[in-house]
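Chemist: Sharing a structure below in structure tokens format, with a few things to ask.
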Amino acid sequence: MSAVEKATWDQFVSEHLLQTGIFSGLALVAVNGNIVYSYGCLNSLDKEEVSQFLAVFGCSQERATILKLNLGQENLVKTTFRIYHQNHISMYATSAGNQKGITLSRLPQGIFITVFGKPALPHQAICAVEKFSERLRF
2 MSAVEKATWD
12 QFVSEHLLQT
22 GIFSGLALVA
32 VNGNIVYSYG
42 CLNSLDKEEV
52 SQFLAVFGCS
62 QERATILKLN
72 LGQENLVKTT
82 FRIYHQNHIS
92 MYATSAGNQK
102 GITLSRLPQG
112 IFITVFGKPA
122 LPHQAICAVE
132 KFSERLRF
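For the sequence shown, the positions run 2 to 139 when our numbering is used.
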């Protein structure tokens with residue numbers, strides 16, 4: 002990604018997602034597993050975490066029901082998210098007590114991941130992500 006493309010992408014993300022104040026982490030993972038963009042608590046995704054995101058939309062007969070993710074905690078404890086909605090282009094999951102949520106959106110560019118937490122409500126985050134993703138799907 003060139004400096005101009007990165008500046009344009011950063012501005013687009015800021016205007017359409019970050020200004021909402023809902024999200025604590027964002028990432029765009031290319032279909033080959035490379036992290037194209039990351040922000041906040043998703044700045045340090047490891048290969049295992051990236052693989053589980055890519056597998057969510059894979060061709061496997063068995064669908065994942067749980068995702069585990071380190072959200073930047075110093076003690077490296079992974080937060081467990083239970084998937085409550087999934088279709089061919091999106092997935093939503095929440096942690097225990099709905100303290101945190103995660104969305105995955107399948108895009109032509111790869112998979113877009115967001116993390117949000119209280120006080121944001123899941124439907125607020127999902128609506129913002131769906132609007133954002135629609136712009137990228139053309």
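Note that CB positions come from ideal geometry on N, CA and C, so glycine has one too. Bear in mind that the values here come from a model prediction, so they are computed numbers and not experimental data.
Could you check the C-alpha separation between Q20 and G59 for me, to the nearest Å?
Modeler: The count along the sequence shown starts at 1 and reaches residue 20 at position 19. The count along the sequence shown starts at 1 and reaches residue 59 at position 58. Cα to Cα, the separation comes out at about 32 Å.
Chemist: Measure the C-alpha to C-alpha separation of Q62 and A56 and round it to an integer number of angstroms.
Modeler: For the purposes of this step, residue 62 is identified with residue 61 of the sequence shown, where counting begins at 1. For the purposes of this step, residue 56 is identified with residue 55 of the sequence shown, where counting begins at 1. With a pLDDT of only 49 at Q62, under 50, the local geometry of the prediction cannot be trusted, and no value is derived from it.
Chemist: Once the 5 residues before and after L118 are set aside, which same chain residues still bring their CB inside 8 Å of it?
Modeler: Translated into positions along the sequence shown, residue 118 becomes position 117. Checking the sequence, you will find Gly at residue 118 rather than Leu. The answer, listed in chain order, is S25, Q100, K101, G102.
Chemist: Look at S91 and F82 and say whether their C-beta atoms are less than 8 Å apart.
Modeler: The residue given as residue 91 occupies position 90 in the sequence shown. The residue given as residue 82 occupies position 81 in the sequence shown. Between S91 and F82, the C-beta gap is not smaller than 8 Å, which leaves the two residues out of contact.
Chemist: How many angstroms separate the CA atom of I112 from the CA atom of E16?
Modeler: Position 111 of the sequence shown holds residue 112. Position 15 of the sequence shown holds residue 16. One C-alpha to the other measures close to 20 Å.
Chemist: Taking the straight line between their C-alpha atoms, what separation do you get for E131 and S106?
Modeler: Along the sequence shown, read from residue 1 onward, the residue named residue 131 stands at position 130. Along the sequence shown, read from residue 1 onward, the residue named residue 106 stands at position 105. Taking the straight line joining both Cα atoms gives about 8 Å.
Chemist: Report the residue ranges of all alpha helix (DSSP H) runs contained in full by the stretch 39 to 103; include only those spanning at least 4 residues, in chain order.
Modeler: The stretch 39 to 103 contains these whole alpha helix (DSSP H) runs: 48 to 57.
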